[in-house]
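**Q** Quick one: the structure is below, questions incoming.
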Amino acid sequence: MATTKRYDVKDLALAPEGVRRIQWADRQMPVLAAIRERFEREQPLSGYRLFVYLPATTETANLARTLKAGGADVVLCASNPLSTQDDVAAALVDEYDIACFAIKGEDNDTYYSHIEAAVDHKPQLTMDDGADVIGVLHSARREQLGDIIAGTEETTTGVIRLKALEADGKLGFPIIAVNEAKTKHLFDNRYGTGQSTIDGIIRATNVLLAGKRFVVGGYGWVGRGVASRARGMGAHVIVTEVDPMRALEAAMDGFEVLPMAKAAEIGDLFCTATGDKGVITAEHMKRMKDGAILSNTGHFDVEIDKPALRSLATETRHAREFVEEFTMDDGRRIYLIAEGRLVNLSAAEGHPALVMDMSFANQALGAEYAVANAASLERKVYPVPDEIDREIARLKLATMGIDIDQLTEEQARYLASWDEGT
Ligand SMILES: NC(=O)c1ccc[n+]([C@@H]2O[C@H](COP(=O)([O-])OP(=O)(O)OC[C@H]3O[C@@H](n4cnc5c(N)ncnc54)[C@H](O)[C@@H]3O)[C@@H](O)[C@H]2O)c1
């Protein structure tokens, strides 16, 4: 990289506020801080050019600082046009000397030009979110594939795509699937997204959830979190699913389970969390009540059919920040939050730092593992090794001041035997 001062951010004068907020998040990220201290001493990423493609938030800034402390030459590029925190992007450049390409609300051309600029840094390691960077490196920038020794992937949707690429025999380098770590999806996807999604919906609309019918599309890790938090706010939660096991679980967790066509008729608020496309379509929109509010917290903005909403509308207007109003020909109004993009990252601040501490500990240790094992890793999608996952859980418990019991030798023997005590 020619210089670490390469950047495109909104305004460097925002840096002091960004620094304060990055430090605030850092206090909630003790596991990552401990890794940063060790990385400073051991320099496990020394000399590696690393492309971080994640939302430009305070938590990501602390991850980037950690990777830099480990010796990596880091370039950060926003993984979503609406999730950038401009003060954080400024602080990364101005205070922490980390190359950063991220502007909140950037248009599509700028967004893709930022990815290009970051790829121009000739990365050897990638940290992807939704397999976008992998997509670029496997198409327009194939000539750079040979430079990459490994990558990590943050989210469910990305892991699904990377496994498909591997199954096609086309994956160009090994991937550590951070999302597959238990200390990632059990906590980040469920509790982090659960809370921050509700936060985003409330910040955008200021609606009272109590007494409302709140429809959650998908009962995976994210859907479970959103459903349980919406119930906690007093909403009557309805779940839609395509998987009988998950639908059964939702029903036994006490939620009403309906097909979307029926839920559409009675829902006040909708939030999709499936990783799938076309979960809410024109047919559903035609049945919705006046005032229905639509949002999405799945990775891509394809879960709600936005083109259909636009074509059904006779009039659209900006109702309030992050909320667009669509008037139907019969006078009904439907509201869409944050253009159907990740509502928690667009209208709120993404996951609380305390939970990102574990996700990003997995990212940092995943990168270290990939570098240390580069010679033996094949072009496959690997889970985060169980020892790393368990170590993160152990460290997190310790930082939360929680002690747990230890197996006695006798108990360990008993649990490993097939005949003792029967
Ligand atoms: N907003 C965030 O910050 C955030 C955080 C983590 C994950 N994600 C994203 O959220 C999405 C869901 O992640 P997850 O970990 O819960 O995945 P998951 O695979 O655990 O769950 C997805 C669920 O959606 C269901 N589903 C699929 N198509 C459906 C349809 N048409 N209608 C109803 N249900 C359907 C599946 O059966 C499954 O149960 C992914 O795109 C993931 O990348 C977002």
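The C-terminal residue of the sequence shown carries number 817 in the numbering used here, and the numbering is unbroken. Where is the CB? At the ideal position from N, CA and C, for every residue including glycine.
Please determine whether the Cβ atom of Gly824 lies at a distance below 6 Å from any heavy atom of ligand 1.
**A** Not covered by the structure: residue 824. The range shown for the chain is 396 to 817.
**Q** Kindly give me the distance between the Cβ atoms of Arg641 and Gly615, rounded to whole angstroms, as I take these residues to be in contact under 8 Å.
**A** If you number the sequence shown from 1, residue 641 lands on position 246. If you number the sequence shown from 1, residue 615 lands on position 220. Contact flag correct, Cβ pair sits at about 7 Å.
**Q** Per DSSP, Ser478 forms a beta bridge with which residues?
**A** In the sequence shown, counting from the first residue as 1, residue 478 sits at position 83. In the DSSP output, where bridge partners are listed per residue, Ser478 has none listed.
**Q** Curious, which full-length alpha helix (DSSP H) runs of at least 4 residues does the segment 643-720 contain?
**A** Within the segment 643-720, the complete alpha helix (DSSP H) runs of at least 4 residues are 655-661, 677-682 and 701-707.
**Q** Are the CB atoms of Tyr730 and Val718 within a distance shorter than 7 Å?
**A** Walking along the sequence shown from the start, residue 718 turns up at place 323. Walking along the sequence shown from the start, residue 730 turns up at place 335. Going by C-beta atoms, Val718 is nearer than 7 Å to Tyr730.
**Q** Would a C-beta distance cut-off of 7 Å place Ala461 and Leu487 closer than the cut-off?
**A** By 1-based counting over the sequence shown, the position of residue 461 is 66. By 1-based counting over the sequence shown, the position of residue 487 is 92. It is Thr, not Ala, that sits at residue 461 in the sequence shown. Result no, Cβ atoms of Thr461 and Leu487 do not sit closer than 7 Å.
**Q** Among all the DSSP beta bridges, which residues are the ones paired with Thr521?
**A** Numbered from its first residue, the sequence shown carries residue 521 at position 126. Answer is Phe446 and Gly546.
**Q** Rounded to whole angstroms, what's the CA-CA distance from Gly761 to Ile661? Just pull it up for me.
**A** As a first step, residue 761 is located in the sequence shown; it is residue number 366 there, counting from the start. As a first step, residue 661 is located in the sequence shown; it is residue number 266 there, counting from the start. Each residue's alpha carbon lies about 44 Å from the other.
**Q** For Thr588 and His746, which I take to be in contact (beta-carbon distance under 8 Å), what is that distance rounded to the nearest angstrom?
**A** Taking the first residue of the sequence shown as 1, we reach residue 588 at position 193. Taking the first residue of the sequence shown as 1, we reach residue 746 at position 351. Contact holds; Cβ gap of about 7 Å.
**Q** Less than 7 Å separating the beta-carbons of Pro702 and Ala572?
**A** As a position in the sequence shown, residue 702 is number 307, starting the count at 1. As a position in the sequence shown, residue 572 is number 177, starting the count at 1. No, these two residues do not count as a Cβ contact at 7 Å.
**Q** What number of angstroms, rounded off, separates the C-alpha of Gln801 from the C-alpha of Ala807?
**A** If you number the sequence shown from 1, residue 801 lands on position 406. If you number the sequence shown from 1, residue 807 lands on position 412. If I take the Cα positions, the gap works out to 10 Å.
**Q** Using a Cβ-Cβ cut-off of 6 Å (strictly less than) and excluding sequence neighbours within five positions of Pro425, which residues of its own chain qualify?
**A** As a first step, residue 425 must be located in the sequence shown, where it is residue number 30. Excluding sequence neighbours, Pro425 sits near Thr794.
**Q** Once DSSP output is grouped into helix, strand and coil, what is the label at Leu740?
**A** Translated into positions along the sequence shown, residue 740 becomes position 345. In the structure shown, Leu740 sits in a helix (DSSP, three-state: H, G or I).
**Q** Going by DSSP in three states, Leu790 sits in which element: helix, strand or coil?
**A** Reading the sequence shown from its first residue, position 395 is the one you call residue 790. Three-state DSSP puts Leu790 in a helix.
**Q** In the structure shown, what three-state DSSP assignment does Val470 receive?
**A** For the purposes of this step, residue 470 is taken as residue 75 along the sequence shown, with counting starting at 1. Note: Val470 maps to strand in three-state DSSP.
**Q** Examine the Cβ distances between the segment 519-527 and the segment 479-494 and report whether three or more of them are shorter than 8 Å.
**A** The segment 519-527, when compared against the segment 479-494, does not touch it at the 8 Å Cβ threshold.
**Q** Look at Leu449 and Asp524 and say whether their C-beta atoms are less than 7 Å apart.
**A** Locating residue 449 in the sequence shown gives position 54, counting from the first residue. Locating residue 524 in the sequence shown gives position 129, counting from the first residue. Yes, Cβ-Cβ distance for Leu449 and Asp524 is below 7 Å.
**Q** Pairing CB atoms from the segment 452-471 with CB atoms from the segment 411-423, are three or more of them under 8 Å?
**A** Judged by Cβ distances under 8 Å, the segment 452-471 makes contact with the segment 411-423, as three or more pairs qualify.
**Q** Can you check which of these residues, Ile799, Leu603 and Thr692, is closest to Arg619 by C-alpha distance?
**A** As a first step, residue 619 is located in the sequence shown; it is residue number 224 there, counting from the start. Among Ile799, Leu603 and Thr692, the Cα nearest to that of Arg619 belongs to Thr692.
**Q** Please confirm whether any heavy atom of ligand 1 lies closer than 6 Å to the CB of Glu636.
**A** Within the sequence shown, the letter at position 241 stands for residue 636. Yes.
**Q** Measuring only from the beta carbon, is Ala625 closer than 6 Å to any heavy atom that is part of ligand 1?
**A** Here residue 625 corresponds to residue number 230 of the sequence shown, with the count starting at 1. Every heavy atom of ligand 1 is 6 Å or more from the Cβ of Ala625, so no.
**Q** In terms of alpha-carbon separation, which member of Asn584, His533 and Leu532 lies closest to Gly613?
**A** On the sequence shown, residue 613 is found 218 positions in, with the first residue counted as 1. Closest by alpha carbon: Asn584.
**Q** So, at 6 Å on beta carbons, what are the nonlocal neighbours of Leu540 in its own chain, with the 5 sequence-adjacent residues on each side left out?
**A** As a position in the sequence shown, residue 540 is number 145, starting the count at 1. Only Leu532 and Gly567 meet the Cβ criterion.
**Q** Given a cut-off of 7 Å, decide if Ala622 and Lys607 are closer than it, judged by their beta-carbon atoms.
**A** Taking the sequence shown and counting its residues from 1, the one referred to as residue 607 is at position 212. Taking the sequence shown and counting its residues from 1, the one referred to as residue 622 is at position 227. Against a cut-off of 7 Å, the Cβ pair of Ala622 and Lys607 comes out as no contact.
**Q** Is it buried or exposed, Val611, if we count other Cβ atoms within 10 angstroms and call 16 or more buried?
**A** To locate residue 611, count along the sequence shown from 1; it is residue 216. Buried: at least 16 other Cβ atoms inside 10 Å.
**Q** Considering Ala759, what are the terminal residues of the alpha helix (DSSP H) in which it resides?
**A** For the purposes of this step, residue 759 is taken as residue 364 along the sequence shown, with counting starting at 1. Taken as a continuous stretch (DSSP letters only), the alpha helix (DSSP H) holding Ala759 covers Ala748 to Ala767.
**Q** With a threshold of 16 other CB atoms inside 10 Å of the CB of Arg574, please say whether the residue is buried or exposed.
**A** Looking up residue 574 in the sequence shown gives position 179. Before going on, a small fix: residue 574 reads as Asn here, not Arg. When all chains shown are included, Asn574 counts as buried.
**Q** Under 7 Å, do Val469 and Ala513 count as touching if we go by C-beta distance?
**A** Within the sequence shown, numbered from 1, the residue matching residue 469 stands at position 74. Within the sequence shown, numbered from 1, the residue matching residue 513 stands at position 118. No, the Cβ-Cβ distance between Val469 and Ala513 is not below 7 Å.
**Q** Tell me the rounded alpha-carbon separation between Glu818 and Arg785.
**A** There is simply no residue 818 to check, as the chain begins at 396 and stops at 817 in what is shown.
**Q** Ignoring anything shorter than 4 residues or poking outside the segment 554-636, list the alpha helix (DSSP H) runs there in chain order.
**A** Those alpha helix (DSSP H) runs which fall completely within the segment 554-636 and span 4+ residues are 588-600 and 616-627.
**Q** Does the structure place the segment 429-445 close enough to the segment 662-671 that three or more beta carbon pairs sit under 8 Å?
**A** Contact between the segment 662-671 and the segment 429-445 is absent, because fewer than three Cβ pairs lie under 8 Å.
**Q** Beta-carbon separation of Phe609 and Val750 under 7 Å?
**A** One-based indexing of the sequence shown puts residue 609 at position 214. One-based indexing of the sequence shown puts residue 750 at position 355. Not in contact: Phe609 and Val750 (Cβ atoms no closer than 7 Å).
**Q** Look up Phe434 in the DSSP assignment and give the residues it is bridged to.
**A** Numbered from 1 along the sequence shown, position 39 holds the residue referred to as residue 434. Answer is none; Phe434 lacks a bridge partner.
**Q** Answer yes or no: the CB of Thr588 versus the heavy atoms of ligand 1, is any distance below 6 Å?
**A** The residue labelled residue 588 in the question sits at position 193 within the sequence shown. Indeed, a heavy atom of ligand 1 lies less than 6 Å from the Cβ.
**Q** Exposed or buried, which one is Leu603 when buried takes at least 16 other CB atoms within 10 Å?
**A** Residue 603 sits at position 208 when you count from the first residue of the sequence shown. Classification of Leu603: exposed, given that the 10 Å Cβ count is below 16.
**Q** Label Ile797 either buried or exposed according to how many other C-beta atoms from any shown protein chain fall within 10 Å of its C-beta, with 16 as the threshold for buried.
**A** For the purposes of this step, residue 797 is identified with residue 402 of the sequence shown, where counting begins at 1. That one is exposed.
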